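Each remark here refers to the structure printed beneath this line.
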Amino acid sequence: MMAENIRNEQPEFIEKLVEVNRVSKAVKGGTNFAFTALVVVGDGQGKVGFGYAKAKEVPVAIQKSMEKAKSSMVQVSLYEGTLQHPIAIKNGAVDLYMQPASSGTGVIAGGAMRAVFEVVGVKDVLAKCNGTRNKGNVVRTTIKALQEMSSPKYVADKRGKKISEVLGS
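Numbered per full-length UniProt numbering, the sequence shown spans residues 1 to 169.
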């Protein structure tokens, strides 16, 4: 009885498979094939993580990447189903721009970014990816940008000012 309660209390995660790729390695006897999987996991309320794993078979690669994604989850600060403020970030060859959108706009973003926004719980956002479109790097940079966002209340507390002074109104 007690074990059932513990299992039922675990949070339900939204899982998105972003990419499965076949990779090869040349060896003396020929070519060894393996599969990589990139998975994004979130709770729909501000927690998100990603995992990238390789295995000889697709289901094993997906399972390993989901475990990595769940163990690497981070909390991000959202505001009413959208972002706190516009943000531009460059990480390696990935150049991202994201801005909050009014209610009803939806998620306007490319494939890998869209997966991150859907699992983290963002309902309205405008986003653009310039530079490389490598899915792994785009996912990593999107999560990094979401982590770097901070609420006006947090910034005001950190600076020792009022929220109205931080917002300039």
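C-beta: ideal position from N, C-alpha, C; glycine also. Small disclaimer: the values here were computed from a predicted structure and weren't measured.
Legend entry - Pairwise C-alpha distance: residue 29 and residue 96: The sequence position of residue 96 within the sequence shown is 96, counting from 1. The sequence position of residue 29 within the sequence shown is 29, counting from 1. Cα to Cα, the separation comes out at about 43 Å.
Legend entry - N-terminal and C-terminal residue of the alpha helix (DSSP H) that residue 13 is part of: Position 13 of the sequence shown holds residue 13. In this chain, residue 13 is not harboured by any alpha helix (DSSP H), its DSSP state being neither H nor E.
Inset, instruction - To the nearest angstrom, report how far apart residue 26 and residue 54 are at their CA atoms. - result: The residue you call residue 26 lines up with position 26 of the sequence shown. The residue you call residue 54 lines up with position 54 of the sequence shown. Residue 26 and residue 54: Cα-Cα distance of roughly 16 Å.
Inset, instruction - Measuring alpha carbon to alpha carbon, tell me which of 141, 134, 31 ends up nearest residue 117. - result: Numbered from its first residue, the sequence shown carries residue 117 at position 117. That would be 141, whose Cα lies nearest to the Cα of residue 117.
Inset, instruction - Identify the continuous alpha helix (DSSP H) that holds residue 104 and give its terminal residues. - result: Residue numbering aside, residue 104 sits at position 104 when the sequence shown is read from its first letter. Neither: residue 104 is in no alpha helix (DSSP H) and is coded neither H nor E.
Legend entry - residue 94 classed as buried or exposed, judged by whether at least 16 other C-beta atoms fall within 10 angstroms: Within the sequence shown, residue 94 is the residue found at index 94, counting from 1. With 16 or more neighbouring CB atoms inside 10 Å of its own CB, residue 94 falls in the buried class.
Inset, instruction - Locate the beta strand (DSSP E) running through residue 131, then write down its first and last residues. - result: Numbered from 1 along the sequence shown, position 131 holds the residue referred to as residue 131. Membership of residue 131 in the beta strand (DSSP E) is indicated by the continuous run 125 to 131.
Inset, instruction - Identify every residue that forms a DSSP beta bridge with residue 95. - result: Here the question's residue 95 lines up with position 95 in the sequence shown. Paired residues: 90, 130.
Legend entry - residue 162 to residue 150 span [Cα, whole Å]: Looking up residue 162 in the sequence shown gives position 162. Looking up residue 150 in the sequence shown gives position 150. In this model, residue 162 and residue 150 are separated by some 15 Å (Cα to Cα).
Inset, instruction - Quick one: grab the DSSP three-state call for residue 57. - result: Working through the sequence shown from its first residue, we reach residue 57 at position 57. Here DSSP, grouped into helix, strand and coil, assigns residue 57 to coil.
Inset, instruction - Would you kindly report the start and end of the unbroken alpha helix (DSSP H) that includes residue 119? - result: Within the sequence shown, numbered from 1, the residue matching residue 119 stands at position 119. For residue 119, the enclosing alpha helix (DSSP H) stretches over residues 111 to 120.
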